[in-house]
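Data block below; observations after.
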Amino acid sequence: MNSNISKFQSVHVSNTHIIVMNNFTITMILNFLATSTSFCSRLTLL
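Okay, so the sequence shown: first residue is -16 according to the working numbering, each after it adds one.
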């Protein structure tokens, strides 16, 4: 019983870690896209 609970907890923790990392990666990609598009629009304005 206890081993099952600890297995479930470790799987839950790793899943949460993966979700957090995915959110962080998505945020970084969106920030990068927003920065590059604003940079390109500045270049076209110049």
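Here a beta-carbon is modelled for each residue, glycine too, at the ideal position from N, C-alpha and C. Predicted model, so just to flag it, every value in this text is computed and none were measured.
**Request:** Write down every uninterrupted run of the alpha helix (DSSP H) in the region -13 to 25 whose length is 4 residues or greater and which is fully enclosed by it, in chain order.
**Result:** none
**Request:** Would you tell me roughly how many angstroms separate the C-alpha atoms of serine 19 and histidine 0, rounded to the nearest one?
**Result:** 28 Å
**Request:** Note down the Cα distance separating serine 21 from valine -6, rounded to an integer number of angstroms.
**Result:** 41 Å
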